[in-house]
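Numbering (UniProt numbering), first residue to last: 1 to 449. Just so it is clear, CB atoms sit at the ideal spot from N, CA and C, and this is done for glycine as well.
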Amino acid sequence: MTGRTSEDDVVFIGSTSTDPFLCSLCPEDLTKYTPEARELHYSYHLDPPSTSKAAPSTYKGGSSSKTEKFLRPFTKAAQKFHKEPSREVFWYPSKCTPPPPNYTPALVHLIRKSLNRLHDKGHVQKAHICYSNAVHVSHDNWDSGWGCGYRNFLMACATLMERCPEYSPLLDHPLTPGVRNLQKWIEQAWKDGFDTEGAADLKNRLCGTNKWIGTAELYVAFSYRGIPCRLVDFDFTGKKDKSPLYKWITEYFSESSTKHATVNDALRGATAVVVTDKMPLILQHEGHSRTIIGFQRLKNGSIELLMFDPRPLPKPVRFAALRTSSGSDYHPPPTKPVEKATFQKVEERKRKASNTSVTMVTHTAKRVRGYGSDDGVIVIDSDDENQPEPSTKSNSKDDLDPAAVLKPFTLKIDSLNKKKYQILYFPLTEPLDEQARLACRVVTSTKGV
């Protein structure tokens with residue numbers, strides 16, 4: 001299962017305004033375009049010419065010659081806007097440089113504050129969130145429409161660099177993470193015998209293309225570099241109940257807080273919003289992939305997932321996170337060293353999942369198309385949790401509505417309407433030795449349901 005961004009419906013609403021009608025994805029002025037031509041222009045953004053269906057030669061209300069100039073996807077200014085950079089920048093919070101425009105740190109801290117405020121209002125019962133130094137990475141203009149898998153990869157890499165410094169030499173050398181560099185990683189893995197079936201599916205060529213990739217390709221890239229990761233498959237063909245998927249996710253983010261009955265556990269139980277040291281996981285379905293960073297339980301008991309979608313963030317939310325990142329109230333927890341783990345021999349099997357359900361995530365199954373401490377919860381004390389909720393009439397630029405902050409990061413369970421899903425997660429075990437690394441040449445997965 002390979003990933004691609006979902007198609008967006010573009011709706012044009014008539015207006016008598018004299019303001020220019022600018023494309024929301026490039027600098028093109030669409031004022032003189034007919035509604036049909038505007039829609040076609042957007043289709044070039046959302047479905048590039050190499051994969052889009054042939055455009056109709058004529059439109060209602062105009063001849064082909066009259067509308068021809070409106071069918072061009074981009075002007076020179078737009079082409080510059082969409083130009084691929086000559087060099088990609090890979091960033092993570094430990095770097096001394098400011099984050100690039102499409103990298104946003106400290107969002108977990110901002111989300112935690114918003115969840116606490118909603119808990120105080122009675123809207124949220126409980127929430128568990130991933131490691132606090134997780135980084136959001138959005139697609140750029142040049143990879144819009146096909147870059148979701150690559151950007152989820154960069155989110156994972158940026159967070160792994162912080163969470164597990166032991167992985168840094170494996171991730172950062174000889175090629176640093178990047179969209180095009182990831183393509184080189186995967187092609188080199190293919191040449192060395194990794195995932196021959198996946199290589200054939202993509203015709204043994206990825207570098208320089210706009211081909212979509214999914215969690216299976218990310219498994220190949222990370223395993224090839226010696227980073228332990230695991231795949232879990234969920235097949236709901238003929239089933240309406242998606243609860244096994246979100247139950248698996250909620251258990252993943254909350255399991256470390258229920259392993260031992262200690263005083264600390266009691267304190268955690270009294271904490272409405274728990275920030276763990278769990279890595280985010282990547283959720284893939286046909287059409288799109290997202291990075292899942294946790295979940296929240298609402299006042300009615302329903303579950304909503306918290307996620308980083310690799311799309312640009314609302315500017316007020318990003319600016320608030322950047323202020324948090326540079327402010328004195330944000331103190332990232334120290335990273336924890338990796339521990340040794342016992343590696344199981346990976347059997348060479350076909351890519352499709354077996355018919356046997358597996359409840360132990362350490363068992364391996366077949367592919368479709370995981371290191372942490374026992375005490376895996378970090379409870380971040382903050383005075384703001386004990387302070388009265390700020391007035392909604394406050395004029396402070398930092399006083400964003402908590403529901404508005406959470407909106408871009410919320411994934412409702414009822415929106416998970418696909419038949420098949422695949423999860424990539426990181427068990428945070430020690431780097432793979434050569435034997436374990438070579439055992440990953442055939443892509444395998446656990447069957448979640």
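Determine the closest residue to residue i out of the options, with distance taken between C-alpha atoms.
{"i": "V108", "options": "E434, I292 and I303", "result": "I292"}
{"i": "S289", "options": "V442, G147, R117 and P169", "result": "G147"}
{"i": "K299", "options": "L170, T97 and A127", "result": "A127"}
{"i": "S445", "options": "K418, D201, E187 and A216", "result": "A216"}
{"i": "W248", "options": "G238, L231 and K239", "result": "L231"}
{"i": "F253", "options": "M161, Y219 and V273", "result": "V273"}
{"i": "R205", "options": "L218, A221 and Q188", "result": "Q188"}
{"i": "S426", "options": "R112, K184 and I282", "result": "Residue identity differs from the one stated: residue 426 is Phe in this sequence, not Ser. Closest option to F426, Cα to Cα, is I282."}
{"i": "A436", "options": "V449, A321, S223 and R318", "result": "S223"}
{"i": "C440", "options": "G145, N210, C207 and F194", "result": "F194"}
{"i": "K95", "options": "D172, V405, R180 and W190", "result": "D172"}
{"i": "K447", "options": "E430, D192 and K420", "result": "K420"}
{"i": "D140", "options": "A221, E166 and E88", "result": "E88"}
{"i": "W212", "options": "G287, G301, E84 and P431", "result": "G287"}
{"i": "N133", "options": "R112, E430, K242 and D143", "result": "R112"}
{"i": "D192", "options": "L438, D201 and V449", "result": "L438"}
{"i": "S86", "options": "F236, G178, H123 and E197", "result": "G178"}
{"i": "F236", "options": "D201, V124, F308 and N417", "result": "N417"}
{"i": "G122", "options": "R297, S415 and V443", "result": "R297"}
{"i": "V443", "options": "E197, V124 and W142", "result": "E197"}
{"i": "V135", "options": "M307, L424 and D433", "result": "M307"}
{"i": "D433", "options": "S144, G226 and L170", "result": "G226"}
{"i": "E255", "options": "S326, T97 and T276", "result": "T276"}
Please go through the same chain and pick out, in chain order, the residues whose beta-carbon is closer than 6 Å to the beta-carbon of residue i, but skip the five residues on each side of it.
{"i": "Y246", "result": "I303 and I413"}
{"i": "C130", "result": "K278, P280, I293 and G294"}
{"i": "H260", "result": "With a pLDDT of 42 at H260, under the threshold of 50, the modelled position of this residue cannot be trusted; read the value that follows with caution. Excluding residues within five positions, none has a Cβ falling inside 6 Å."}
{"i": "T324", "result": "A106, H109, L110 and Y330"}
{"i": "W190", "result": "A199"}
{"i": "R318", "result": "T104"}
{"i": "N210", "result": "W146"}
{"i": "L406", "result": "S114"}
{"i": "M161", "result": "Y92 and S168"}
{"i": "V449", "result": "F234 and P244"}
{"i": "L305", "result": "I292, F295 and L411"}
{"i": "P312", "result": "S138"}
I need the boundaries of the alpha helix (DSSP H) containing residue i, first residue and last residue.
{"i": "M155", "result": "C148 to R163"}
{"i": "E214", "result": "Note that residue 214 corresponds to Gly in the displayed sequence, not to Glu. Segment: none, G214 is in no alpha helix (DSSP H) and carries neither H nor E."}
{"i": "S445", "result": "Segment T444 to K447 is the beta strand (DSSP E) holding S445; no alpha helix (DSSP H) there."}
{"i": "E88", "result": "Segment: none, E88 is in no alpha helix (DSSP H) and carries neither H nor E."}
{"i": "E251", "result": "S243 to S254"}
{"i": "residue 456", "result": "Limits of the chain in this structure are 1 at one end and 449 at the other, which puts residue 456 out of reach."}
{"i": "T324", "result": "K315 to S326"}
{"i": "T196", "result": "T196 to D201"}
{"i": "D172", "result": "S168 to D172"}
Can you name, in chain order, every residue of its own chain whose Cβ lies under 7 Å from the Cβ of residue i, other than the five neighbours on each side?
{"i": "V137", "result": "N102, Y103, R151, L154, M155, A158 and P310"}
{"i": "T176", "result": "F90"}
{"i": "P402", "result": "S114, R117 and L118"}
{"i": "P314", "result": "P408"}
{"i": "T250", "result": "F295 and I303"}
{"i": "P99", "result": "W91 and P105"}
{"i": "I186", "result": "L206, E217, V220 and A221"}
{"i": "residue 450", "result": "Residue coverage of the chain in this structure runs from 1 to 449, which leaves residue 450 outside it and unanswerable."}
{"i": "D381", "result": "Since pLDDT at D381 reaches only 38, below the 50 mark, its modelled position is unreliable, and no value is offered."}
{"i": "K242", "result": "F236, I413 and L416"}
{"i": "L202", "result": "K211"}
For the beta strand (DSSP E) containing residue i, name the first residue and the last one.
{"i": "F295", "result": "H288 to L298"}
{"i": "L283", "result": "L281 to H285"}
{"i": "R230", "result": "R230 to D235"}
{"i": "F308", "result": "I303 to F308"}
{"i": "T276", "result": "V273 to T276"}
In chain order, what residues of the same chain lie with their CB nearer than 8 Å to the CB of residue i, ignoring the 5 residues before and after it?
{"i": "G208", "result": "R180 and Q183"}
{"i": "residue 452", "result": "Residue 452 cannot be examined here, being either before or after the span of the chain that is shown, 1 to 449."}
{"i": "A320", "result": "L110, D398, L400 and V405"}
Would a check of beta-carbon distances place residue i closer than 8 Å to chain D?
{"i": "D143", "result": "This model lacks chain D altogether; it includes just one protein chain."}
Report yes if the C-beta of residue i is less than 7 Å from at least one heavy atom of the ligand GTP; otherwise report no.
{"i": "Y131", "result": "Annotation note on the ligand GTP: not contained in the displayed structure, which lists no ligands."}
> Where in the stretch 114-153 do unbroken runs of the beta strand (DSSP E), each at least 3 residues long, occur, reported from the N-terminal end onward?
Replying inline: Listed in chain order, they are 124-129.
> Which whole runs of the alpha helix (DSSP H) in the stretch 401-443 are 4 residues long or more, in chain order?
Replying inline: Runs of the alpha helix (DSSP H) spanning 4 or more residues and lying entirely within the stretch 401-443 occur at 402-406 and 434-438, in chain order.
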